[in-house]
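Worksheet: the structure to be examined is printed underneath.
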Amino acid sequence: MTTTELWCDRCGEAATATAHPGCASARQLEPPRFCQHCRRRMKVQVLPVGWSAVCVEHGEIRG
177 MTTTELWCDR CGEAATATAH PGCASARQLE PPRFCQHCRR RMKVQVLPVG WSAVCVEHGE
237 IRG
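Counting with this note's numbering, you get residues 177 to 239 for the letters of the sequence shown.
Printed below as a string of structure tokens:
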């Protein structure tokens with residue numbers, strides 16, 4: 177199944193359904209927890225120099 181809908185990478189809800197001001201402010205300090213493309217929970221590793229988050233379907237992102 178292919179979808180073009182984007183998901184909030186912090187709470188996992190639809191990004192366009194409602195505003196996510198709490199998620200936006202929390203994301204300034206926290207890594208993403210959900211993949212924006214498929215809504216899967218990601219494996220997140222926080223390091224002193226940044227973070228990495230891995231989706232089994234879409235791969236790794238770093239910050």
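Glycine is no exception: its CB is placed at the ideal position from the N, C-alpha and C atoms.
Exercise. Going by Cα to Cα distance, which pick from T192, F210, C187 and A193 is closest to C199?
Worked result: On the sequence shown, position 23 is the one that residue 199 refers to. The option with the nearest alpha carbon to C199 is C187.
Exercise. Around the Cβ of A190, are there at least 16 other Cβ atoms within 10 angstroms (buried) or fewer (exposed)?
Worked result: Residue mapping note: residue 190 aligns to position 14 of the sequence shown, counting from 1. Here A190 is exposed: its Cβ has fewer than 16 other Cβ atoms, across all protein chains shown, within 10 Å.
Problem set entry | G158, enclosing alpha helix (DSSP H) - first and last residue | The question about residue 158 has no answer, for the chain in this structure spans 177 to 239.
Problem set entry | Bridge partner(s) assigned by DSSP for R238 | What you label residue 238 is simply residue 62 of the sequence shown in a count that begins at 1. DSSP output for R238 lists S228 as bridge partner(s).
Exercise. So is A193 buried or exposed if we call it buried at 16+ other beta carbons inside 10 Å?
Worked result: Here the question's residue 193 lines up with position 17 in the sequence shown. The residue is exposed, with fewer than 16 neighbouring Cβ atoms inside 10 Å.
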